[in-house]
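Let me begin by presenting the structure, written as structure tokens, before commenting on it.
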Amino acid sequence: MKSAYELAMERLQKQAPTKALTESQKAEIADLESLYKSRIAQVEISIGDEIQAAQSSEEYEKVDELKARLAQQRARLEEEREDRKERVRQGR
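Note that this note's numbering has the sequence shown beginning at 681, numbered continuously upward.
The following block contains the structure:
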């Protein structure tokens, strides 16, 4: 007797079967992960330095703005990375 999870997975597999990735797709996705990891780190370092400077000079509004900008840029880069990975998965 199958569990509810197993039955749900079977239905999902019928509706949208998973597609195996080729080795070149896997390599390209790994490269994208590495590239975007470094881009995110660059943004964190750059804005992190600005945040520290603003904290040192007690400019707390600027600190909040910088933290919001950091979160926004990180989210944008992560979304861009996921979009590019999805294009690789679909073979575009």
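Note that beta-carbon positions come from the ideal geometry of N, C-alpha and C, so glycine has one too. Note that the structure is a prediction, hence the values are computed from the model and not measured.
Residue i to residue j span [Cα, whole Å]
| i | j | result |
| --- | --- | --- |
| residue 731 | residue 682 | 54 Å |
| residue 684 | residue 740 | 52 Å |
| residue 707 | residue 772 | 15 Å |
| residue 724 | residue 753 | 9 Å |
| residue 747 | residue 688 | 41 Å |
| residue 737 | residue 726 | 17 Å |
| residue 686 | residue 721 | 39 Å |
| residue 702 | residue 745 | 43 Å |
Distance between beta carbons of residue j and residue i, contact taken as under 8 Å
| i | j | result |
| --- | --- | --- |
| residue 751 | residue 743 | No, residue 751 and residue 743 are not in contact; Cβ-Cβ is about 13 Å, not under 8 Å. |
| residue 769 | residue 705 | 7 Å |
| residue 719 | residue 692 | That belief does not hold up - the Cβ atoms of residue 719 and residue 692 are roughly 33 Å apart, past 8 Å. |
Contacting residues, own chain, Cβ-Cβ under 6 Å from residue i (five flanking each side not counted)
| i | result |
| --- | --- |
| residue 765 | 709, 712 |
Cβ neighbours of residue i in the same chain (closer than 8 Å, five flanking residues each side left out)
| i | result |
| --- | --- |
| residue 760 | 716 |
| residue 728 | 750 |
| residue 696 | none |
(request) Return the chain-ordered ranges of every beta strand (DSSP E) run that is complete within the region 737-768 and spans a minimum of 3 residues. (result) Whole beta strand (DSSP E) segments, 3+ residues: zero.
(request) Any chance you could list the alpha helix (DSSP H) runs of at least 4 consecutive residues sitting entirely within the region 681-742, in chain order? (result) List check, alpha helix (DSSP H) in window: 684-695, 703-736.
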